[in-house]
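Below: the structure, in structure tokens.
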Amino acid sequence: ILDTILSSSNLIKGVHYQTQETRRNEQGANVRPDVVLNLPDRKQIVIDSKTSLTAYAGYTAAEQPEECERCLKSHVDSVRKHVAELSAKSYQELMSGSPDFVIMFIPNESAFLAAMRADPQIWADAYRRKVVISSPTNLFALLKLVDNLWQRSDLERNTRDIAECGSKIYDQLVAFTASLENVGLSLDKARDAYADAYKRLCTGNDNIVRSGERLRRLGLPVKRRQSARTLDAAGAEHELPEAETPCGGE
């Protein structure tokens, strides 16, 4: 019954709860809680489901009032005995920082209500001993609350992750912008350097192309010629007349 309730609570086995998990108490002895329910922030609650319903079964089957009363008293005594045994185990001490109580699960709603009606103090007495007696209905409500806590925890974690990722993206954006600005400055410097070099080559007074053409026209032997476009840019197309080639005579 407990496994069915857990399975229908939207909680995931192995993630939100473990069953029959062996642990070691402060005395060094191994203990095995029926269910360890995980809460956000690494808190845990133990659920125990070993409550005996033998006396309650006798109570429901009894035909005589005396037998019915006797079995009901035995049922209450059985519940109180298990509360005492569960309290003595101190399961909650195994869970550091967790709620200071253990859930004692009675898997039958009628058995739970019969004990509460027959002994109205039983729940409060158990609570003082750090044991919370729970019926299937109460436990299912608790598990839905735990599921809601996990959903809120996951949402908060996702929000933090989104904020962290957004912060990293913004930092990268700032760094990228700074790098791009540096690239722009470098391009500006490169353009200025190119303009200065081009001026020296072609457009300035006494530029290199014009001086070269003067040398060529004066008879410097060359194998290749500047393009018409370069000569035009340098203003060297008609700088000097071509040097006459010597041919003898006067």
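Everything in the sequence shown is counted per my numbering, starting at 3 for the first residue and increasing by one. Think of the CB as a built atom: it goes at the ideal place given N, C-alpha and C, for glycine as much as any other residue.
Host alpha helix (DSSP H) of residue i (start-end)
i: Tyr93; result: No alpha helix (DSSP H) holds Tyr93; DSSP gives it neither H nor E.
i: Arg130; result: 124–130
i: Arg202; result: Segment: none, Arg202 is in no alpha helix (DSSP H) and carries neither H nor E.
i: Ala236; result: 230–236
Close beta carbons around residue i, own chain, < 8 Å, minus the five adjacent residues each side
i: Leu144; result: Ile105, Ser136
i: Leu242; result: Summary for Leu242: the model assigns pLDDT 49, below 50, so the residue's position carries little reliability; its value from the coordinates is reported in the next sentence. Here the set comprises Glu215, Arg216, Arg219, Leu220.
i: Glu252; result: Its pLDDT being 34, under 50, Glu252 is placed unreliably by the model, and the measurement read from it follows with that caveat. Cβ within range, chain order: n/a, list empty.
Beta-carbon proximity list for residue i, same chain, < 6 Å, skipping 5 on both sides
i: His84; result: Thr53
i: Pro248; result: Bear in mind that the predicted position of Pro248 carries a pLDDT of just 42, short of 50, making it unreliable; the figure below should be weighed with that in mind. Correct list: empty, nothing qualifies.
i: Pro35; result: Val48, Tyr93
Other residues of its chain near residue i: CB distance less than 7 Å, five sequence neighbours each side excluded
i: Val133; result: Val85, Leu88, Ser89, Phe103, Val104, Met106
i: Ala235; result: Cys204, Thr205
i: Met118; result: Ile124, Trp125
i: Tyr19; result: Leu8, Leu13, Val37, Val38, Leu39, Asn40
i: Ile210; result: Arg202, Leu203
Per DSSP, the bridge partner or partners of residue i
i: Met118; result: In DSSP, Met118 forms no bridge with anything.
i: Ser89; result: Paired residue(s): none; Ser89 is not in a bridge.
i: Tyr19; result: Lys15, Leu39
i: Asn32; result: Arg26
Cβ-based burial, residue i [other Cβ within 10 Å; buried from 16]
i: Gly250; result: With a pLDDT of 37 at Gly250, under the threshold of 50, the modelled position of this residue cannot be trusted, and the question is left open.
i: Leu74; result: buried
i: Cys167; result: exposed
i: Tyr93; result: buried
i: Thr6; result: exposed
i: Ile49; result: buried
i: Leu141; result: buried
Residue i at chain B interface by Cβ criterion, 8 Å
i: Ala128; result: Annotation note: the requested chain B is absent from the structure, which comprises a single protein chain.
As assigned by DSSP and simplified to three states, the class of residue i
i: Ser100; result: coil
i: Asp5; result: helix
i: Val224; result: coil
i: Asn209; result: coil
i: Gln66; result: coil
i: Ala195; result: helix
i: Leu55; result: coil
i: Ser76; result: helix
i: Ser10; result: coil
N- and C-terminal bounds of the beta strand (DSSP E) containing residue i
i: Ile108; result: Note, Ile108: premise wrong, no beta strand (DSSP E); not H, not E.
i: Ser136; result: 133–136
i: Lys45; result: 45–50
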